[in-house]
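Undergrad:
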Amino acid sequence: MNIKKVNLFSDSTVALASINSPAHQLKTFVGNRVSKIQSLTERYQWKHISSPENLADIISRNDDPTDLKNLNLWWSGATIFIKETNIEFSTSEMKIDFFEKELYSAEHKQLFTNNLVLSSDIDFITQILSLSNNFQKLIRILSFLLKFLYNCKTKEKMSGSVSVE
129 MNIKKVNLFS DSTVALASIN SPAHQLKTFV GNRVSKIQSL TERYQWKHIS
179 SPENLADIIS RNDDPTDLKN LNLWWSGATI FIKETNIEFS TSEMKIDFFE
229 KELYSAEHKQ LFTNNLVLSS DIDFITQILS LSNNFQKLIR ILSFLLKFLY
279 NCKTKEKMSG SVSVE
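Following my numbering, the numbering of the sequence shown begins with 129 at its first residue and continues without gaps.
1) Going by DSSP, name the residue or residues bridged to residue 173.
2) For residue 171, which residues from the same chain have a beta carbon less than 8 Å from its beta carbon, with the 5 sequence-adjacent residues on both sides left out?
3) Indicate the three-state DSSP secondary structure (helix, strand or coil) for residue 185 in the structure shown.
4) Determine, using beta carbons only, whether residue 134 comes closer than 8 Å to chain D.
5) What's the C-alpha gap between residue 142 and residue 203?
6) Considering only their Cβ atoms, is the gap separating residue 177 from residue 206 smaller than 8 Å?
7) Just the C-alpha distance for residue 174 and residue 258, rounded to the nearest angstrom, thanks.
8) Taking residue 136 as the reference, which of 148, 129 and 130 has the closest Cα?
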């Protein structure tokens, strides 16, 4: 079976408007979900179907399951699919001004990129802490290292045992 085209349908114009919007312009919660939907369905086209024609909506209407046997929509599908086999749907971009306040951020988000360079060297503090599990011994090692660094940087040298000063 060779599938040439896949259309996805929703009866929610708000959802369709969100899916057709750049995810980074939406509020974070909505934008994250829209981004996931867009990445999973990027090869498909989203279309609108009216709620009464939406086959997937039947179960959520609290109808009695025994009524399904007499429900033509359940067995035959939406009438828009029955009438014609090659249906062209409106692909106009959906703009929902009414919900823009709720969907979009107050200000359009600016995109920033951060670069992080990771070094394969083990962190200095991690190396010190791995030398011993005795706290007093770690304090002595650290103070010896700080004394060594001080003596390397200055002409005035410290000698003797380390004090609190």
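Note that beta-carbon positions come from the ideal geometry of N, C-alpha and C, so glycine has one too.
TA: The short version:
1) The residue labelled residue 173 in the question sits at position 45 within the sequence shown. Residue 173 pairs with 135.
2) Here the question's residue 171 lines up with position 43 in the sequence shown. Here the set comprises 134.
3) Position 57 of the sequence shown holds residue 185. Three-state DSSP puts residue 185 in a helix.
4) Of the chains in the structure shown, none is chain D; there is only one protein chain.
5) Start at 1 with the first residue of the sequence shown, and residue 142 comes out as number 14. Start at 1 with the first residue of the sequence shown, and residue 203 comes out as number 75. Approximately 28 Å, taken between the alpha carbons.
6) Taking the sequence shown and counting its residues from 1, one reaches residue 206 at position 78. Taking the sequence shown and counting its residues from 1, one reaches residue 177 at position 49. Against a cut-off of 8 Å, the Cβ pair of residue 177 and residue 206 comes out as a contact.
7) To locate residue 174, count along the sequence shown from 1; it is residue 46. To locate residue 258, count along the sequence shown from 1; it is residue 130. Using only the alpha carbons, I get a separation of about 56 Å.
8) The count along the sequence shown starts at 1 and reaches residue 136 at position 8. Ranking the options by Cα distance to residue 136, first place goes to 148.
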